Amino acid sequence: MQFARTDFPEGFLFGVATSSYQIEGHGFGGAGPTHWDSFAATPGNVVRAEHGAVACDHYHRWATDLDLIAAMGADVYRFSTSWARVLPEGTGQPNAEGLDFYDRLVDGMLARGLKPAATLYHWELPQALADQGGWRNADMPDWFADYTHLVMSRIGDRVWSAAPINEPWCVSWLSHFEGAHAPGLRDIRATARAMHHVLLSHGRSIQVMRDLGMKNLGAVCNFEWAEPASDSPEDIAAANRYDAIYNRFFLGGLFKGAYPAEVLAGLGPHLPKGWEDDFPTIQAPLDWLGLNYYTRKLIRHADHAWPSYAEAPTRLPLTQMGWEIYPDGLRDFLIRTARDYSGTLPLFVTENGMANPDRVDQPDAARIAYLGSHLQAVQAAIAAGAPVAGYFVWSLMDNYEWSLGYEKRFGLIHVDFETLARTPKASYHALAQWWRD
């Protein structure tokens, strides 16, 4: 990996990212049940019915994991807190063990010179709230605000940055329209309400953190570059609908106080009453925006109900996830987002990486090439004027990849899921060589 820190602007930050349910071991420390536990226990939802009860056992091995992050020369560790770990029932009596764990974790980062970048929600909703409708329920913004206050009253004075919700598209559309993630619904009304309530919960959470005196608050959205499979007007319109649902809906809410017309054509009748009045809260001012980026999709028209699109066959090399390797999409998103939405607000690439069938006895050259090409895309975006301030790799270690279980390996560190032994890969060492220089 032929880079040096001086190839990036002064103060540019590098880091790694994980999430709580994917690494901690949800069976430890008094955590309550989540909708992911229920989803995984339902036959057919998750590869081999695998779950996060042990995961990488980060709950007990956090000090070793933080040592590995510090040893590679990272500036930032982006982690998430688990709602069900600190509030086993979603509301009510907190779990002291859970709060103590995040206290130790943040102090451990600071002791190693790492900047703690906290995300309050990375998909594991307490089952007790899922039983009440979860993100469909109009009370979610209040519940999430209370959770935010509990956690950030404890660690908010020490985290470097904070964001409420990771990847609103996954929390709402993927989980309520496509049914691929918990709670596994395929319901357009549920989807419309979840998409709006996610953004309203985000805004309420930002307000709570501001009231606590916190600074450096942001949002983290995921993006897929969408291109039409052909030059036909039908395929072009289909790609625009995909882009509106996946990318522009959430940015529109956060920065424009409006949702794209292409999305309202399908979801408008199902949005909660008075949704237009919520934009002042949704648009709570931000200090930065995070972009998670992995791939592009070729989209074609499909003769079925709205949104009337389907994915076309891929044309480029693929990762283990079956995703095209398309670094130009990262460059273009950084440029487009600054131009059309966020202006001079600092942008962070909060996730970027690839799944690869890694073995400890073979260098992960494909991941090194993937990261290198996407870092070049970041440089190109900066050269074009995008205010990119940092880049974080997904993921620190191999972990629980949700409905795909443990077989998709995104990590810079190999995890043996029998022994839980950690072995840094060649990509870890490649990054460490120039992050430390």
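If you're matching positions, the sequence shown starts at 302 in this note's numbering and goes up one per residue.
For glycine and all other residues, C-beta sits at the position ideal for the given N, C-alpha and C.
Since we're looking at a predicted model, the values are computed, not measured.
Quiz item: Between the Cα of S696 and the Cα atoms of D604, V661, N593, which residue gives the shortest distance?
Solution: On the sequence shown, residue 696 is found 395 positions in, with the first residue counted as 1. Distances from the alpha-carbon of S696 to those of D604, V661, N593 put N593 closest.
Quiz item: When every heavy atom of the ligand FAD is checked, does at least one fall within less than 6 Å of the C-beta of Y729?
Solution: Inclusion of the ligand FAD in the displayed structure is not the case, the ligand content being empty and no account of it being possible.
Quiz item: From L486, D338, D308, pick the residue whose C-alpha is nearest to that of A681; which is it?
Solution: Translated into positions along the sequence shown, residue 681 becomes position 380. Residue D308 is the option with its Cα nearest to A681.
Exercise. Count the C-beta pairs between the region 497-506 and the region 534-544 that are closer than 8 Å, then say yes if the count reaches three, no if not.
Key: no
Quiz item: Anyone know if the C-beta pair for L367 and G409 falls short of 7 Å?
Solution: Your numbering for residue 367 matches position 66 in the sequence shown. Your numbering for residue 409 matches position 108 in the sequence shown. Yes, the Cβ-Cβ distance between L367 and G409 is below 7 Å.
Quiz item: Between the region 381-394 and the region 414-429, are three or more C-beta pairs nearer than 8 Å?
Solution: yes
Quiz prompt | For H498, the three-state DSSP class (helix, strand or coil) | solution = Residue 498 sits at position 197 when you count from the first residue of the sequence shown. The answer is helix: DSSP assigns H498 an H, G or I state.
Quiz item: Which residues mark the beginning and the end of the alpha helix (DSSP H) in which L590 is found?
Solution: Translated into positions along the sequence shown, residue 590 becomes position 289. It is not in any alpha helix (DSSP H) - L590 instead sits in the beta strand (DSSP E) that spans 589-602.
Quiz item: From W526, T720, A419, pick the residue whose C-alpha is nearest to that of W624; which is it?
Solution: For the purposes of this step, residue 624 is taken as the residue at position 323 of the sequence shown. Minimum Cα distance to W624 is reached at W526.
Self-check item: Beta-carbon spacing of M496, S476 below 7 Å
Solution: Position 195 of the sequence shown holds residue 496. Position 175 of the sequence shown holds residue 476. Taking 7 Å as the Cβ cut-off, M496 and S476 do not qualify as a contacting pair.
Quiz item: Where does C357 sit, in a helix, a strand or coil, going by DSSP?
Solution: As a first step, residue 357 must be located in the sequence shown, where it is residue number 56. C357 falls in the coil class under three-state DSSP.
Quiz item: So E652 is in the beta strand (DSSP E); what residue range does that whole segment cover?
Solution: The residue you call residue 652 lines up with position 351 of the sequence shown. It spans 648-652 - the beta strand (DSSP E) in which E652 sits, taken as one unbroken run.
Quiz item: Quick one: Cα of N346 to Cα of L705, how far?
Solution: Here the question's residue 346 lines up with position 45 in the sequence shown. Here the question's residue 705 lines up with position 404 in the sequence shown. Their Cα atoms are separated by approximately 9 Å.
Exercise. May I ask you to list the residues that DSSP assigns as paired with W736?
Key: In the sequence shown, residue 736 corresponds to position 435, counting from 1. According to DSSP, W736 bridges with nothing at all.
Quiz item: Is DSSP giving E535 helix, strand or coil here?
Solution: Sequence index remark: in the sequence shown, residue 535 carries index 234 (1-based). E535: helix per DSSP, three-state reduction.
Quiz item: Within 10 angstroms of its Cβ, does T645 collect 16 or more other Cβ (buried), or is it exposed?
Solution: Taking the first residue of the sequence shown as 1, we reach residue 645 at position 344. T645 sits exposed, since fewer than 16 C-beta atoms from the chains shown fall within 10 Å of its C-beta.
Quiz item: Is A419 close to chain B, meaning its C-beta is less than 7 Å from at least one C-beta of that chain?
Solution: No chain B is part of this structure, which consists of one protein chain only.
Self-check item: Close Cβ partners of Y671 (< 7 Å) along its chain, the five nearest in sequence each way excluded
Solution: Mapped onto the sequence shown, residue 671 falls at position 370. If we look at Y671 and ignore the five residues flanking it on each side, its Cβ neighbours are I626, M655.
Practice problem: Identify whether S320 lies in helix, strand or coil by the three-state DSSP scheme. | Solution: Looking up residue 320 in the sequence shown gives position 19. It is coil, neither helix nor strand.
Quiz item: With a Cβ-Cβ cutoff of 7 Å, do F556 and Y642 count as a contact?
Solution: Locating residue 556 in the sequence shown gives position 255, counting from the first residue. Locating residue 642 in the sequence shown gives position 341, counting from the first residue. Result yes, Cβ atoms of F556 and Y642 sit closer than 7 Å.
Quiz item: Do the region 431-449 and the region 607-625 touch if we need at least three Cβ pairs shorter than 8 Å?
Solution: In short, these stretches do not touch, since the Cβ pair count stays below three.
Quiz item: Where DSSP assigns a beta bridge to K416, which residues make up the other side?
Solution: The residue given as residue 416 occupies position 115 in the sequence shown. Looking at the DSSP assignment, K416 forms a beta bridge with V377.
Exercise. Sort E479, V348, P465 by Cα distance to C522 and report the nearest one.
Key: Here the question's residue 522 lines up with position 221 in the sequence shown. Comparing Cα positions, the closest option is P465.
Self-check item: Of the listed residues T638, F634, G569, Q621, nearest to P608 (C-alpha basis)
Solution: Mapped onto the sequence shown, residue 608 falls at position 307. The residue from T638, F634, G569, Q621 with its alpha-carbon nearest to that of P608 is G569.
Practice problem: Just the C-alpha distance for L648 and A639, rounded to the nearest angstrom, thanks. | Solution: Numbered from 1 along the sequence shown, position 347 holds the residue referred to as residue 648. Numbered from 1 along the sequence shown, position 338 holds the residue referred to as residue 639. L648 and A639: Cα-Cα distance of roughly 8 Å.
Quiz item: If you compare alpha carbons, which of M698, D338, F550 is closest to V564?
Solution: Taking the sequence shown and counting its residues from 1, the one referred to as residue 564 is at position 263. Closest by alpha carbon: F550.
Quiz prompt | Closest by C-alpha distance to G434, when choosing among F315, T492, D358 | solution = Working through the sequence shown from its first residue, we reach residue 434 at position 133. Closest by alpha carbon: T492.
Exercise. Return the residue from the list H336, E708, A350 that minimises the CA-CA distance to F718.
Key: Counted from its first residue, the sequence shown places residue 718 at position 417. Nearest option by C-alpha distance: E708.
Practice problem: With a 10 Å radius around its C-beta and 16 neighbouring C-beta atoms as the bar for buried, classify R597 as buried or exposed. | Solution: Numbered from its first residue, the sequence shown carries residue 597 at position 296. Under this definition R597 is a buried residue.
Quiz item: In three-state terms, what does DSSP make of L635?
Solution: Position 334 of the sequence shown, counted from the first residue, corresponds to residue 635. L635: helix per DSSP, three-state reduction.
Quiz item: Taking C-beta to C-beta, are S381 and S462 nearer than 7 Å?
Solution: What you label residue 381 is simply residue 80 of the sequence shown in a count that begins at 1. What you label residue 462 is simply residue 161 of the sequence shown in a count that begins at 1. Contact: no.
Exercise. In the DSSP assignment, find the alpha helix (DSSP H) that holds H450 and state where it starts and stops.
Key: Translated into the one-based positions of the sequence shown, residue 450 becomes position 149. It spans 441-456 - the alpha helix (DSSP H) in which H450 sits, taken as one unbroken run.
Self-check item: Which residues DSSP lists as bridging G691, in chain order
Solution: The residue given as residue 691 occupies position 390 in the sequence shown. Its beta-bridge partners are L314, F649.
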